[in-house]
Amino acid sequence: MTEVVRSARRGLALEITIDRPTRRNAINEEVCAGIALAIDAAEADLEVRAIVITGAGDQAFCAGGDLKPNAEGAPFSVNPAQPTHFVVTLFRRMQQCRLPILARVNGHALAGGLGLVCACDFAIATSNARFGVPETRIGLFPMTILPYMLRIIPRRKLLEMCITGELLSASEALALDLVNYVVEPAELDAKTDWLLARIVDKSPTAIRIGKQVFHAIEDMTLDQSFELTQIMLPVMAMSEDAKEGFAAFNEKRAPQWTGK
Numbered sequence: 000m001t002e003v004v005r006s007a008r009r010g011l012a013l014e015i016t017i018d019r020p021t022r023r024n025a026i027n028e029e030v031c032a033g034i035a036l037a038i039d040a041a042e043a044d045l046e047v048r049a050i051v052i053t054g055a056g057d058q059a060f061c062a063g064g065d066l067k068p069n070a071e072g073a074p075f076s077v078n079p080a081q082p083t084h085f086v087v088t089l090f091r092r093m094q095q096c097r098l099p100i101l102a103r104v105n106g107h108a109l110a111g112g113l114g115l116v117c118a119c120d121f122a123i124a125t126s127n128a129r130f131g132v133p134e135t136r137i138g139l140f141p142m143t144i145l146p147y148m149l150r151i152i153p154r155r156k157l158l159e160m161c162i163t164g165e166l167l168s169a170s171e172a173l174a175l176d177l178v179n180y181v182v183e184p185a186e187l188d189a190k191t192d193w194l195l196a197r198i199v200d201k202s203p204t205a206i207r208i209g210k211q212v213f214h215a216i217e218d219m220t221l222d223q224s225f226e227l228t229q230i231m232l233p234v235m236a237m238s239e240d241a242k243e244g245f246a247a248f249n250e251k252r253a254p255q256w257t258g259k
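Going by my numbering, the residue at position 73 of the sequence shown is 72; the numbering climbs one at a time, nothing skipped.
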């Protein structure tokens with residue numbers, strides 16, 4: 000990993016931590032690269048069945064892009080020879096990841112930090128967390144993260160957030176399905192482990208394939224979705240995990256997944 004991102008096993012999950020508490024865990028190119036490398040490591044480890052992304056400390060999950068004293072340099076500069084922004088590179092890596100990614104939102108998730116939450120598959124937040132995109136307050140608009148936010152947050156509410164810069168409380172984020180659960184800070188780890196336990200005991204093969212199809216059909220027409228899903232179900236049924244799942248069901252025992 001890098002000095003600003005650390006990772007450690009959390010049971011059958013890999014927990015990735017943005018370790019910049021003095022900068023409210025703001026992201027820059029090094030942070031995004033570190034998260035992507037940790038995702039690579041998680042997918043390469045056959046024992047890892049889920050990923051958790053969080054921030055160091057108890058104040059901020061991620062405060063967004065690391066703002067400089069002026070608008071020069073990251074996160075606003077782009078190399079014209081390689082115009083892909085490092086945040087987009089990370090989001091694409093997360094989109095391609097076949098493991099479930101859970102955001103452990105230990106504090107405020109603002110601007111790019113909110114985008115990071117939206118890029119995850121699940122989110123558990125503390126009751127004191129706040130969510131928002133305050134970019135208009137400094138003459139900007141949340142462009143890079145907008146595609147992911149549009150997939151998660153209702154259109155009218157999102158446009159209001161983008162224009163006014165007002166923040167959402169954790170309970171408001173829950174009502175909008177921006178997060179799955181809200182708990183008191185002292186309960187965050189227990190709730191994270193609770194959800195992980197309900198993920199990692201399921202078929203790794205079914206989850207990997209299912210997540211890929213889930214993301215694929217988001218951009219398809221209904222008819223295109225039917226064409227893909229009717230093919231994928233019998234394909235999944237040929238896996239070792241599916242055969243084990245049927246056998247365990249009939250024998251009334253817990254399945255022993257191989258992830259194949």
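Cβ coordinates follow ideal geometry from the N, Cα and C atoms, glycine included.
In the structure shown, Ser-170 adopts helical secondary structure according to DSSP, grouped into three states.
Contact between the region 140-150 and the region 165-172 is absent: fewer than three C-beta pairs spanning the two stretches fall below 8 Å. Cβ neighbours of Thr-191 within its own chain (closer than 6 Å, five residues either side excluded): Arg-103, Ile-123. In the DSSP annotation of this structure, the continuous segment of the alpha helix (DSSP H) that includes Val-30 starts and ends at 28-43.
Looking at the DSSP output, His-107 sits in a beta bridge with Ala-59.
Check the Cα spacing between Leu-115 and each of Gly-209, Pro-254, Thr-16: the tightest is with Thr-16.
Across the structure, Lys-251 and Ala-35 are spaced so that their CA atoms are roughly 40 Å apart.
With fewer than 16 other Cβ atoms from the protein chains shown falling within 10 Å of its own Cβ, Ile-230 counts as exposed. Between the C-alpha atoms of Ala-43 and Cys-117 there is a straight-line separation of about 24 Å.
Where Leu-227 is concerned, the enclosing alpha helix (DSSP H) starts and stops at 221-236. Listed in chain order, the non-local C-beta contacts of Cys-119 below 8 Å within the same chain comprise Ile-52, Met-93, Ile-100, Leu-101, Ala-102, local neighbours out to five positions each way being set aside. Val-4 and Val-212 have their alpha carbons spaced roughly 30 Å apart. Cβ contact annotation for Arg-207 (same chain, cutoff 6 Å, sequence separation greater than five): Arg-97, in chain order.
Here the region 184-200 does not lie against the region 147-165, with fewer than 3 beta-carbon pairs under 8 Å apart. Under the rule that a run must span 3 or more residues, the beta strand (DSSP E) segments found entirely inside the region 1-28 read 4-9, 12-17.
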